[in-house]
Amino acid sequence: MGTFLQTSSDDQTALLGCAVAFLAAGLVLAISYYFSPVRRQNAPATKRQIELPEPLRIPRDRAA
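Okay, structure coming up:
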């Protein structure tokens, strides 16, 4: 690998750097998805029901 970096052109080094950055970003994305709370809530073994608050009821003026 060391000789490749020494003998490669600037374009080839840039392409290699982009490929490494793309793979690193994909790895970070996969790790963040794996540890995300949404994934843990949607897991079939630990399915939890999220209770939503009741909607606010606005009293209407019935004097008219």
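Note that the sequence shown covers residues 431 to 494 in the numbering used here.
By construction, the Cβ of each residue, glycine as well, lies at the ideal position given by its N, Cα and C atoms.
Which of helix, strand or coil DSSP assigns to residue i
i, result
"S439", "coil"
"P467", "helix"
"L486", "coil"
"I480", "coil"
CB-CB length for residue i against residue j, believed under 8 Å
i, j, result
"T443", "L453", "About 16 Å separates the two Cβ atoms, so there is no contact after all."
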